[in-house]
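Engineer:
Protein chains: 2
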Amino acid sequence: MGEIIKGKPVADAISEELIQKVEMLKSKSITPKLAIVRVGADPSDLAYERGALKRCEAIGMLAEVKELPVDISQDDFIAELKKINEDKSVNGILTFRPFPKQLDEKVIKYVITPEKDVDCFSPVNVAKVMENDETGFAPCTPSAVMEILKYYKVPMKGKKAVVVGRSMVVGKPVSMLLLNENATVTICHSRTENMPAVCSEADILVVGIGRAKMIDSSYVKEGAVVIDVGINVDENGNMCGDVDTEDCLSKAAMITPVPAGVGSVTTSILAKQTIKACMQQNEI
Amino acid sequence: MGEIIKGKPVADAISEELIQKVEMLKSKSITPKLAIVRVGADPSDLAYERGALKRCEAIGMLAEVKELPVDISQDDFIAELKKINEDKSVNGILTFRPFPKQLDEKVIKYVITPEKDVDCFSPVNVAKVMENDETGFAPCTPSAVMEILKYYKVPMKGKKAVVVGRSMVVGKPVSMLLLNENATVTICHSRTENMPAVCSEADILVVGIGRAKMIDSSYVKEGAVVIDVGINVDENGNMCGDVDTEDCLSKAAMITPVPAGVGSVTTSILAKQTIKACMQQNEI
Chain A
5 MGEIIKGKPV ADAISEELIQ KVEMLKSKSI TPKLAIVRVG ADPSDLAYER
55 GALKRCEAIG MLAEVKELPV DISQDDFIAE LKKINEDKSV NGILTFRPFP
105 KQLDEKVIKY VITPEKDVDC FSPVNVAKVM ENDETGFAPC TPSAVMEILK
155 YYKVPMKGKK AVVVGRSMVV GKPVSMLLLN ENATVTICHS RTENMPAVCS
205 EADILVVGIG RAKMIDSSYV KEGAVVIDVG INVDENGNMC GDVDTEDCLS
255 KAAMITPVPA GVGSVTTSIL AKQTIKACMQ QNEI
Chain B
5 MGEIIKGKPV ADAISEELIQ KVEMLKSKSI TPKLAIVRVG ADPSDLAYER
55 GALKRCEAIG MLAEVKELPV DISQDDFIAE LKKINEDKSV NGILTFRPFP
105 KQLDEKVIKY VITPEKDVDC FSPVNVAKVM ENDETGFAPC TPSAVMEILK
155 YYKVPMKGKK AVVVGRSMVV GKPVSMLLLN ENATVTICHS RTENMPAVCS
205 EADILVVGIG RAKMIDSSYV KEGAVVIDVG INVDENGNMC GDVDTEDCLS
255 KAAMITPVPA GVGSVTTSIL AKQTIKACMQ QNEI
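Residue numbers (this note's numbering), protein chains in the order written: chain A, 5 to 288; chain B, 5 to 288.
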């Protein structure tokens with residue numbers, strides 16, 4: 005019978021470390037600051053924002069929200085983003101995506117200053133993830149996956165990691181991060197033939213494909229570690245992941261739950277990356 | 005007994021197509037032009053350059069070489085690169101790398117205009133490869149691998165592709181390109197445990213690890229397609245790949261040779277990407 009591994013202890017350990025860093029920075033009269041750029045008031049953005057603000061406060065750093073009208077024009081949005089780019093008091097910028105239709109992500113991603121881009125929106129940071137350049141910022145969710153694996157001392161070097169899903173927010177970047185830890189990485193997706201057999205070889209199975217409880221025990225090797233990045237709503241209206249946790253526990257050694265798994269760690273990563281950005285900007 | 009699949013027919017087919025595109029462009033008074041930036045006179049750079057110039061001439065497009073002194077300063081190099089960026093007659097730029105020590109690739113890669121960067125030096129193009137954004141330019145060698153697979157009608161969708169090596173010039177980008185073709189992709193490297201077993205599951209095995217004849221038949225599944233991206237010198241001073249071709253032919257369905265395999269296709273890719281850049285720049 006496997007163990008449920010929660011995100012909270014990981015987030016707490018990161019926060020503990022960050023509190024000390026913020027104290028050190030404050031002793032130099034520097035207070036790291038995150039700017040959240042939100043267009044409109046999507047409920048899931050608002051929920052994440054509340055968590056992020058609370059996390060930043062607990063760590064002792066600053067955070068502010070720039071709320072923009074849902075019908076803002078592209079030119080106005082870019083002008084606002086440039087102001088935040090240039091604001092010396094801001095060290096990290098998070099923009100909620102997807103944007104409303106009138107805003108072209110493919111244009112705007114070139115506007116955000118890469119040095120403040122703490123959730124890997126800029127192509128400069130995407131390239132750095134692929135190049136294993138640690139001056140860059142990987143996206144928060146895949147970074148949270150890596151922090152969980154490290155916290156629970158999951159061996160990665162030489163091990164087989166299988167990633168289910170190939171999105172730019174989870175699958176592809178987490179594959180690169182696992183590769184950086186010297187795992188042998190396989191990327192599966194909707195077109196993969198015989199996915200249960202492919203996944204059953206994984207020592208580490210990371211799932212972010214967006215299909216509620218798709219992964220049952222037939223996808224899991226005895227003793228595997230399963231990281232569930234999915235966020236879905238099940239037939240009873242409850243939040244669930246991409247993994248059928250109950251069923252997989254018969255075989256997996258460890259599984260992250262949904263909720264209270266990966267999602268609990270992402271705001272700590274956001275704070276961590278903002279503090280890293282602050283230190284880089286101040287050459288500390 | 006497997007078949008040796010050569011690069012030349014692939015290169016010829018690409019050239020044939022490009023000749024027609026160049027004719028079409030010339031009818032609009034446009035002649036695509038490649039600029040090659042070479043620092044010093046490394047023999048392997050010179051060999052590649054001769055091939056590229058010959059290819060461009062055969063296709064009917066222009067190519068010119070900017071040779072710079074081996075001790076050029078970073079500032080002078082950047083000034084020269086900017087001149088070529090701004091030269092409206094130039095559509096594509098290839099810079100031979102690695103550079104001499106005094107030139108910092110991590111700075112220079114941000115200088116080259118992404119729209120002219122036909123060998124994926126700019127982070128903008130690295131990100132586009134990862135994002136599957138076809139307006140970008142993938143590096144020539146992994147692109148050559150893909151052209152060979154397509155020319156020889158190797159099925160990729162849903163198939164298992166294993167890539168040996170995780171460099172930024174071969175392994176990582178070719179993994180992304182295979183993923184874009186809906187293969188299930190595994191990336192192996194020096195730290196992979198039991199690599200022969202991992203490789204033996206591949207329908208398509210792409211090898212670019214830089215170790216002469218490392219891959220023997222114990223790495224190959226019956227009926228697999230093996231693409232050898234290695235360029236090494238064997239104990240007798242002859243050029244060889246990363247694959248022991250003779251040994252693997254007993255099991256593989258198709259293998260690219262070295263020489264006369266992938267390397268024969270890269271200059272066609274360079275020409276193809278320059279023509280693509282030219283068409284994008286002219287909005288054709």
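Yeah, the Cβ is synthetic: ideal placement off N, Cα and C, and Gly gets one too.
Three-state secondary structure (DSSP) at Thr139 of chain A?
Structural biologist: Coil.
Engineer: To the nearest angstrom, report how far apart Val237 of chain A and His193 of chain A are at their CA atoms.
Structural biologist: Roughly 21 angstroms between the two C-alpha positions.
Engineer: Compute the Euclidean distance between the alpha carbons of Ala275 of chain A and Cys144 of chain A, then round it to the nearest angstrom.
Structural biologist: The straight-line gap from Cα to Cα measures roughly 10 angstroms.
Engineer: When you compare each of B:Gln285, B:Ile279, B:Glu287 to Pro305 of chain B by their alpha carbons, which one comes out closest?
Structural biologist: Outside the modelled stretch of chain B, which goes from 5 to 288, sits residue 305 of chain B, for which no answer is possible.
Engineer: Any idea if Asn240 of chain B is buried or exposed, counting beta-carbon neighbours within 10 angstroms, 16 or more meaning buried?
Structural biologist: Exposed, by the Cβ-count rule.
Engineer: Looking at chain A, is there any beta carbon in it that lies within less than 8 angstroms of the beta carbon of Ile82 of chain B?
Structural biologist: No, its Cβ sits nowhere closer than 8 angstroms to a Cβ of chain A.
Engineer: Which of helix, strand or coil does DSSP assign to Ala39 of chain A?
Structural biologist: Reduced to three states, the DSSP call for Ala39 of chain A is strand.
Engineer: Taking only the alpha-carbon atoms, compute the straight-line gap between Thr99 of chain A and Glu90 of chain B and give it to the nearest angstrom.
Structural biologist: Roughly 33 angstroms separates the two Cα atoms.
Engineer: With DSSP as the reference, please indicate the residues paired to Gly96 of chain A in a beta bridge.
Structural biologist: Its beta-bridge partners are A:Leu38.
Engineer: In its own chain, which residues sit with a C-beta less than 6 angstroms from the C-beta of Met150 of chain B, not counting the 5 before and 5 after it?
Structural biologist: Same-chain partners within the cutoff: Leu181.
Engineer: Check each residue of the stretch 141-162 of chain A: if its Cβ is closer than 7 angstroms to any Cβ of chain B, include it; give the result in chain order.
Structural biologist: Listed by position along the chain: Lys161, Gly162.
Engineer: Check whether chain A comes within 8 angstroms of Glu138 of chain B, counting only Cβ atoms and requiring the distance to be less than that.
Structural biologist: By this cut-off, Glu138 of chain B is not an interface position.
Engineer: Compute the beta-carbon to beta-carbon distance between Ile191 of chain B and Val167 of chain B, rounded to the nearest angstrom, for a pair I have assumed lies under 8 angstroms.
Structural biologist: About 5 angstroms; that satisfies the 8 angstroms criterion.
Engineer: Only counting the same chain, and skipping five residues up and downstream in sequence, which positions put a Cβ closer than 7 angstroms to that of Ser171 of chain A?
Structural biologist: The answer, listed in chain order, is Gly212.
Engineer: On the criterion of 16 or more Cβ atoms from any shown chain inside 10 Å, does Asp80 of chain B qualify as buried, or is it exposed?
Structural biologist: Label assigned to Asp80 of chain B: exposed.
Engineer: Write down the C-beta distance between Ile219 of chain B and Asp248 of chain B rounded to the nearest angstrom, noting that I regard them as a contact closer than 8 angstroms.
Structural biologist: Rounded, the Cβ-Cβ distance is 6 angstroms, consistent with contact.
Engineer: Since Ile219 of chain B meets chain A, which of its residues come closer than 8 angstroms, beta carbon to beta carbon?
Structural biologist: Correct list: empty, because the minimum Cβ distance to chain A is about 16 angstroms.
Engineer: According to DSSP, Cys192 of chain A sits in a beta bridge with which residue or residues?
Structural biologist: Answer by DSSP bridge pairing, in chain order: A:Val168.
Engineer: What does Arg170 of chain B reach in chain A if we use C-beta pairs closer than 7 angstroms?
Structural biologist: Here the neighbours are Leu183.
Engineer: When you check each C-beta in the stretch 182-216 of chain A against every C-beta of chain B, which residues fall closer than 7 angstroms?
Structural biologist: Listed in sequence order: Leu183, Asn186, Thr188, Val189, Thr190, Ile191, Cys192, Arg195, Thr196, Glu197, Val202.
Engineer: Following the continuous beta strand (DSSP E) through Leu209 of chain B, name the residue where it begins and the one where it ends.
Structural biologist: It spans 208-211 - the beta strand (DSSP E) in which Leu209 of chain B sits, taken as one unbroken run.
Engineer: Please classify Ile63 of chain A as buried or exposed, where buried requires at least 16 neighbouring CB atoms within 10 angstroms.
Structural biologist: That one is buried.
Engineer: Please confirm whether Cys124 of chain A and Val133 of chain A have their CB atoms less than 8 angstroms apart.
Structural biologist: Yes. Within cutoff.
Engineer: Does Met5 of chain A come out as helix, strand or coil in the three-state DSSP assignment?
Structural biologist: It is coil, neither helix nor strand.
Engineer: Can you check DSSP and say which residues form a bridge with Asp232 of chain B?
Structural biologist: Per DSSP, B:Val211.
Engineer: Spell out a yes or no on whether the stretch 56-70 of chain A and the stretch 23-33 of chain B are touching, meaning 3 or more CB-CB pairs, one atom from each, closer than 8 angstroms.
Structural biologist: Short answer: they don't touch.
Engineer: Please look up how many angstroms separate the CB atoms of Arg215 of chain A and Asp251 of chain A, rounded, as I've assumed it's under 8 angstroms.
Structural biologist: With a Cβ gap of about 15 angstroms, Arg215 of chain A and Asp251 of chain A do not count as contacting.
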